[in-house]
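Q: Before I ask anything, let me first share the structure, which is written out below as structure tokens.
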Amino acid sequence: MIDLEPKYITFDCYGTLTKFHMADMTREQYGHLLNGEGLEKLVAFPIVVDR
């Protein structure tokens, strides 16, 4: 019996579907428009772990 019950299972071999690089792309696209603090505020998001 498995002690862990995942909410989802992915068959993403390369991690491209589950490891989005949204913050990196946002910095690349908007870095010239925002200062450091404003840019980091834009890409900041809470990490929620539901256990």
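Residues are numbered in my numbering as their position in the sequence shown, beginning at 1, plus a constant of 12.
Every residue, glycine too, gets a C-beta built ideally from N, C-alpha and C.
#1: Could you check what DSSP says for residue 26 in three-state terms: helix, strand or coil?
#2: Within the continuous alpha helix (DSSP H) that includes residue 20, where are the two ends?
#3: What's the gap between the Cα of residue 40 and the Cα of residue 18?
#4: Compute the distance between the beta-carbons of residue 54 and residue 28, then report whether it is under 8 Å.
A: Reading off the structure:
#1: In this structure, residue 26 counts as coil in the three-state DSSP scheme.
#2: Judged by DSSP secondary structure, residue 20 falls outside any alpha helix (DSSP H); it is assigned neither H nor E.
#3: The alpha-carbon atoms of residue 40 and residue 18 are separated by roughly 33 Å.
#4: In this structure, residue 54 sits away from residue 28, with a CB-CB distance that is not shorter than 8 Å.
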